[in-house]
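**Q** Have a look at the structure that comes next, please.
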Amino acid sequence: MADIIRTEKGGLAFGDYSLPEKAKVNDFAANGGVYSLRAYKEITKLECNDSFVYESVPGTNVSAFLMKDTDVSFSVTGPEDAEITLGLEPEQEYDILLNGADAGKMKTNLGGKLTLSVELEEGKTVAVEVKKA
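1309 is the number of the first residue of the sequence shown in this note's numbering; add one for each residue after it.
Pasting the structure below:
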């Protein structure tokens, strides 16, 4: 199951939306953090150092995931449209780019969560960039 999360050139890769049953990986050390992942067709959820990082409903595959102080970028694939929630700074405004196109600005809630919808279909990858405004 360790192959559902791995480091790759350009960041972290995780998830497997094709799994019919939940798969978990705990204590995966990478990029100065310790990650835990739960992934299958219904959900993909990533935490780092016991803090919420990423969740998609339904499950997705993520590659080139990079989280910096002011932005997050990754590529995502899935069989159908997904709702993605990211753990960011509380009550901050972020610019959203999908495949390089401006998708508007969004503000995080008190808990720092930002939720966006991404149109996905089998075999199609969407590049997501979230930058602090």
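Cβ atoms here follow ideal geometry from the backbone N, Cα and C, with glycine treated the same way.
Keep in mind it's a predicted model, so treat the numbers as computed, not measured.
Do valine 1436 and phenylalanine 1382 have their beta-carbon atoms positioned less than 7 Å apart in this structure?
**A** Contact flag set, yes.
**Q** If you measure from the beta carbon of glutamate 1391 to each beta carbon in chain B, is any gap under 7 Å?
**A** No chain B appears in this structure, which consists of one protein chain only.
**Q** From serine 1344 to alanine 1409, what does the alpha carbon distance come to, in whole angstroms?
**A** Spanning the two alpha carbons is a distance of roughly 31 Å.
**Q** Three Cβ pairs or more, each shorter than 8 Å: is that satisfied between the region 1365-1381 and the region 1324-1335?
**A** Segments in contact, yes.
**Q** Which of helix, strand or coil does DSSP assign to aspartate 1335?
**A** Correct three-state label for aspartate 1335: strand.
**Q** Just mark lysine 1353 as buried or exposed, buried being the case when its beta carbon has 16 or more other beta carbons within 10 Å.
**A** By the 10 Å Cβ count, lysine 1353 comes out buried.
**Q** May I have the straight-line CA-CA distance separating phenylalanine 1360 from glycine 1395, to the nearest angstrom?
**A** Roughly 6 Å separates the two Cα atoms.
**Q** Of all the options Lys1439, Gly1386, Lys1317, Leu1418, which has the alpha carbon lying nearest to the alpha carbon of aspartate 1403?
**A** When only C-alpha atoms are compared, the closest one is Lys1439.
**Q** Measure from the alpha carbon of aspartate 1379 to the alpha carbon of each residue in Glu1350, Asn1357, Thr1416, then state which is nearest.
**A** The option with the nearest alpha carbon to aspartate 1379 is Thr1416.
**Q** Quick one: grab the DSSP three-state call for aspartate 1358.
**A** Residue state, collapsed to three classes: coil.
**Q** Could you tell me how far apart the beta carbons of alanine 1337 and tyrosine 1348 are, in whole angstroms, since I believe they sit closer than 8 Å?
**A** With a Cβ gap of about 23 Å, alanine 1337 and tyrosine 1348 do not count as contacting.
**Q** Let me know the secondary structure DSSP gives isoleucine 1312 once reduced to three states.
**A** Isoleucine 1312 falls in the helix class under three-state DSSP.
**Q** Taking 7 Å as the cut-off, decide whether the C-beta atoms of threonine 1393 and lysine 1413 are in contact.
**A** Contact: no.
**Q** Using DSSP bridges, identify the partner residues of threonine 1385.
**A** Paired residues: Asn1369, Thr1433.
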